[in-house]
Structure formats: structure tokens, C-alpha cells
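Q: Here's a structure for you.
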Amino acid sequence: MPDGRQLADRVLDAVNAHDLDRLSTYYDRHAVLATPLGVCEGREQIVRYWESMFKGFTDMAMTVWNRVECADPGFSEWTMTGTHTGSFALPDGGVAGASGRRITVRGCGACHAKNGLVVAHRDYFDLLELYSQLGFSLVPG
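Under the numbering used here, residue 146 is the last one in the sequence shown; the count climbs by one each step, no gaps.
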């Protein structure tokens, strides 16, 4: 049965392959994914989150540059890169249309496992850095 470390690696591999079907097999049906872009509760919401990211950044990739070798949680530091070629969901429920801009954002993630599935996944990255790279206005109005 895979532990958090093994599942974190599998999730990252599936993310880099943009493979939603494979991703869905790694999460418990009641799993929770928390990111700066929002909290997803349940496998269906988690798959929709990744689908939105893949639509927004069709060449998105996450390059791991540090892996903590412990069973649970599986913890990785990574750099996310991609080109904003499509729309993706924002935390306020809005949608960000394609800007054509490249992003490079460093972050980290932790996956907790139970019974061979991810039950909690947390990704941390600087949302202000992402928004700045996308050219979003950071001042209302």
C-alpha cells in the first residue's frame, strides 16, 4: 500500500502528464486539497481543480527540486512553470482569461495518506507572485 511519499510522487507525475483519470485514482473520495487558489473537498472537486489548472496552463509542469524522505506526509518543494493560454478559476469564483504570459512559481506540497490514498493534500505558493506574473491588477477598481 503506498504511503504519503509515494503518493506525492505519483500525484506529481500525473500532474505533469495532465492525466485527470490517473489523478482521480490517487485521492480518497473524501480527500481535501488546500491551495492558495482555494479548498477542494472530495475527489470530484480536486479533479475539477486540476482540470482548471491544465486548461489555464496547457504546458504546466511541476519540477521537484527537493524531496523529504519520510513516509507521511510526502513533502516536496517544486517549481511550477507554464504559459497562461486558457481560462482558470480564481478564489473569488471569477475566471482569469488567457494572458499568454509565462509563469515560474516556487512552492511546496504535502500529501497525507490513509489506506493507500491521499486524504489531505496541501500546496503552498505565493499567490501574489503568480498574479504579478500574469499581469493582474492588484489594486481594486
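Backbone N, C-alpha and C define an ideal beta-carbon position, used for all residues, glycine too.
Helix, strand or coil for G98, going by three-state DSSP, please let me know.
A: Residue state, collapsed to three classes: coil.
Q: When the Cα atoms are used, what is the spatial distance from A94 to M58?
A: Roughly 8 Å separates the two Cα atoms.
Q: Helix, strand or coil for E49, going by three-state DSSP, please let me know.
A: Looking at E49 - three-state DSSP - the assignment turns out to be helix.
Q: Going straight from the alpha carbon of V110 to that of F130, what length do you get?
A: Computed Cα separation, rounded: 7 Å.
Q: What residues are listed by DSSP as bridge partners for Y129?
A: Answer is C113, bridged to Y129.
Q: Between the Cα of F80 and those of G91, L135, A125 and D64, spot the shortest distance and give me the residue it belongs to.
A: Closest option to F80, Cα to Cα, is A125.
Q: Which residues share a DSSP beta bridge with T84?
A: Partner(s): T68 and R111.
Q: Quick one: grab the DSSP three-state call for R106.
A: Here R106 sits in coil by DSSP.
Q: State the Cα-Cα distance for the pair D8 and G121, rounded to the nearest angstrom.
A: One C-alpha to the other measures close to 6 Å.
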